[in-house]
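Structure, as structure tokens:
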Amino acid sequence: MSAAGRISYREACRQAIRQALLDDPRAFLMGEDVARYGGCYAVSKGLLAEFGPARIVDTPLAENGFVGAGIGAALGGLRPIVEVMTCNFSLLALDQIMNNAATIPHMSGGQFAVPLVIRMATGAGRQLAAQHSHSLEGWYAHIPGLKVLAPATVEDARFMLPAAMADPNPVLLFEHIELYAAEDEIRAGLERVDIEQARVRRAGRDLTLATYGGSLPRCLAAAEALAAEGIEAEVVDLRVLRPLDHRTVAASVARTRRCVIVDEGWRSGSLSAELAARLAEDCFYELDAPVRRVCGREVPMPYPAHLEQAALPGADRILAAARGLFARS
Amino acid sequence: MTAKLHLDRAHLQGLYRGMLRIRRFEARCVELYQAQAIRGFLHLYDGEEGVAVGVMAALQPQDAVVATYREHGQALARGVPMDRLLAEMLGKVEGSCRGRGGSMHIFDGARRFYGGNAIVGGGLPLAAGLALADARLRPGAVTACFFGEGAVTEGAFHETMNLASIWRLPLLLVCENNLYAMGMPVAEAEAQPSIHRKAEAYRVAAASVDGMDPVEVESAARHAVECVRSGHGPFLLECRTYRFRAHSMFDAQSYRSREEIAQWRERDPLERLRRWMQDNHQITADQFQAIADEVEQELAAALAFAEAGTLEPVEELERFVLMDHVPQEQPQGNAP
């Protein structure tokens, strides 16, 4: 199915959708401007011509309506992929996602599953200001009944969707807007990746940088800078935000004894808070320093580039937090 | 506007029996609530029975139903077994949802009964999706979605009407207009209190019917279902009805008068049908008694079943939060 080669994250998302539609006649993509327009981040460009309007479905601007329709379609036996332009707009569909998709299997005593995938763009970095730039995946990761994925690599962008489509649960995929243009090699012969485990993206012995999504490249850059200073950072990509694979992080911390969590979401009540608490529970006695967090600053995202960058967990802030752990020990 | 009904005695008696089952079931639920065997919220349907039995009589087994939090009547009329329903009310594992849903969240996969939705308007987008799935997987199937007039002020109603219309979905929208959204009168909540007239803005076919008359409801529902089934897109059926009791067991009903309730009680759908059948020699006193006895026996058996039921082990608490497969009983469709 997959050919080896260098492709963009955007192209990986597109290939993943295309494969899902080819693999299962019950699968279809719907969302705002996914068909004629080609997707607001150009992910679904060309799919309308290939699959037609029954499989690539433009919806009116009605997030609660069409996300709810996706849930109903999944209950009825179809395999919808619903695209919400940005996770900021998904708040209009929160009722359907939380009160229906996440609860019906349990409320019905297991009579129904909701095999649905919702894709949405997340994150900042494009000067889109406060209503198009937030990172809300941590909120969704709070909700039992959902699976929440954050593909940070081209490989995950290409292969998480098939795994999500095979999953009987509602799966939310958060694609960071800054990653769409990223390019990488795809390994030949790969069909699917797991959607259970975090993954070590860079091995190191001195420090664990735990992160996900759009912050992964920042952490890898910080790790390179730290290496030049003689600090070998291990970078763990959480990948799956719910159910959270904290064990992989704990195992890394057991080796490195130090941890900085990097999360673009707001610090208070964030995914980083959850992970930090679990590390405190799991590996308190293995830590040589307190767990540190580098998060999005607690402001609605501003428009000017310098303020936006200052609000993000940039490599400089990651470096400062990492160095701080060693300064104290 | 209304389809011709074949009003034979058996059919009329069936409508009456269906309403009586709901009326008696809920009366027993009140007793169980007062005895604290049923807890949580309890929203009663009495006065509105004619809507559920009339609409369900127009549906086929392959059709889907999406209901509200006031759904005991909808569930019973759809064929959810009374004993499973009562066990659910008591929170027993033998209940229709293993006791996890309770009064407001009745589901029954075998009968394509998709809740029991306690978010006002929350079932409407779901119903559009079910109709979309049916259009592709089960041609000819119709999804019937019940909702109160209170849901009509929610965005979900307007989004669903629009989606259903532009996609020509096989969706029957059944508005149970009982005049009050909890305590909010329809005339104060709605810029256009005549609900069925809202359909015009979405180019959806619509009708308004006396919800206190199950025969009229069934007749209108049959016409609406025929329209939907034959591919003409969605249909909005407004059923003008009234709940005789409070919104829930916690409601002092300060927003409406005793006189108003008394006036509506004059139009009790059970009594009206009963009088009509008697006056037209469709039933004898003995037959009425036989129906009543039969319902009492069913209820007694249901209560015995529910009370003998078991509580789910606490170890099972987290089952079905995440599913490990799509259940077999989930209708997969007849066509690819």
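Protein sequences, first through last, are from chains U and D. Going by the working numbering, the first residue of the first sequence is number 1, and it counts up by one from there. Going by the working numbering, the first residue of the second sequence is number 1001, and it counts up by one from there. Beta carbons are placed, not taken as given, at the ideal position from N, Cα and C, and that holds for glycine.
Name, going along the chain, the residues of the segment 256-282 of chain U whose beta-carbon falls closer than 7 Å to a beta-carbon of chain D. none
Using alpha carbons as the reference points, say which of D:Tyr1016, D:Leu1015, D:Gln1034, D:Gly1047 lies closest to Trp1264 (chain D). D:Gly1047
Would you list, in chain order, the members of the segment 1168-1200 of chain D that have their beta-carbon closer than 8 Å to a beta-carbon of chain U? none
According to DSSP, is Cys1145 (chain D) part of a helix, a strand, or is it coil? strand
Any C-beta of chain D sitting closer than 8 Å to the C-beta of Gly109 (chain U)? yes
Jot down the residue ranges of each uninterrupted beta strand (DSSP E) in the segment 124-199 of chain U, minimum 3 residues, whole runs only, in chain order. 147-149, 171-176, 183-186
The beta strand (DSSP E) spanning Val84 (chain U) covers which residue range? 79-86
Check each residue of the segment 75-97 of chain U: if its Cβ is closer than 7 Å to any Cβ of chain D, include it; give the result in chain order. Leu75, Gly76, Gly77, Leu78, Asp95, Gln96
Kindly give me the distance between the Cβ atoms of Ile367 (chain U) and Met98 (chain U), rounded to whole angstroms, as I take these residues to be in contact under 8 Å. Because residue 367 (chain U) is not part of the residues shown, which for chain U are 1 to 329, the question remains open.
Run through chain C and tell me which residues come within less than 9 Å of Pro60 (chain U), C-beta to C-beta. Note that chain C does not occur in the displayed structure, where the protein chains are U and D.
Under 8 Å, Cβ to Cβ, is there at least one residue of chain U near Arg1319 (chain D)? yes
Looking at the unbroken beta strand (DSSP E) that takes in Trp1167 (chain D), where does it start and where does it end? Careful: Trp1167 (chain D) lies outside any beta strand (DSSP E) and carries neither H nor E.
At the 8 Å Cβ level, is Tyr1202 (chain D) part of the contact set with chain U, yes or no? no
Segment contact, 8 Å Cβ cut-off, at least three pairs: the segment 1233-1240 of chain D with the segment 1197-1206 of chain D: yes
Kindly list, in the order they appear in chain U, the residues whose Cβ is closer than 7 Å to that of Leu1086 (chain D). Result: empty, since nearest Cβ-Cβ is about 15 Å, beyond 7 Å.
Which residue wins for smallest C-alpha separation from Leu116 (chain U), given the options U:Gly138, U:Gly145, U:Pro80? U:Pro80
Using a beta-carbon distance cut-off of less than 7 Å, what residues from the segment 1118-1147 of chain D approach chain U? Ile1119, Gly1122, Pro1125, Leu1126, Ala1127, Ala1128, Gly1129, Leu1130, Leu1132, Ala1133, Asp1134, Arg1136, Leu1137
Three-state secondary structure assigned by DSSP to Met1184 (chain D): strand
Proximal residues to Leu325 (chain U) (C-beta, below 6 Å), its chain only, five neighbours per side dropped: Arg258, Ala289
Indicate whether Val1065 (chain D) and Tyr1033 (chain D) have their beta-carbon atoms separated by less than 8 Å. no
Rounded straight-line distance, which links the Cα of Gly1109 (chain D) to that of Arg218 (chain U): 48 Å
Within chain D, the residues that Gly123 (chain U) reaches when beta carbons sit closer than 9 Å: The contacting residues do not exist; Gly123 (chain U) stays about 26 Å from chain D at best.
Measure from the alpha carbon of Ala337 (chain U) to the alpha carbon of each residue in U:Val249, U:Val299, U:Gly296, then state which is nearest. This structure does not reach residue 337 (chain U), given that chain U is present from 1 up to 329, and the question cannot be answered.
Does the segment 1019-1029 of chain D come close enough to the segment 1037-1051 of chain D to have 3 or more Cβ pairs within less than 8 Å? yes
Around the Cβ of Met1182 (chain D), are there at least 16 other Cβ atoms within 10 angstroms (buried) or fewer (exposed)? exposed
Would you verify that the beta carbon of Met1323 (chain D) is, or is not, closer than 8 Å to some beta carbon of chain U? yes
Cross-strand partners of Arg292 (chain U) (DSSP beta bridge): U:Val260
Hey, is Val1326 (chain D)'s beta-carbon within less than 8 Å of any beta-carbon in chain U? yes
Once DSSP output is grouped into helix, strand and coil, what is the label at Ser215 (chain U)? helix
Please state whether DSSP places Met1323 (chain D) in a helix, a strand or coil. coil
Candidates U:Phe174, U:Val235, U:Ala54: which alpha carbon is nearest Ala251 (chain U)'s? U:Val235
DSSP three-state label for Ala1058 (chain D), please. coil
Measuring alpha carbon to alpha carbon, tell me which residue in U:Arg247, U:Gly265, U:Glu308 is nearest Arg278 (chain U). U:Arg247
Residues, ordered as in the chain, of the segment 1039-1065 of chain D that lie near chain U by beta-carbon distance below 9 Å: Ala1064
Examine chain D for any beta-carbon lying closer than 8 Å to the beta-carbon of Ala73 (chain U), and answer yes or no. yes
CB contact below 8 Å: His1105 (chain D) versus chain U: yes
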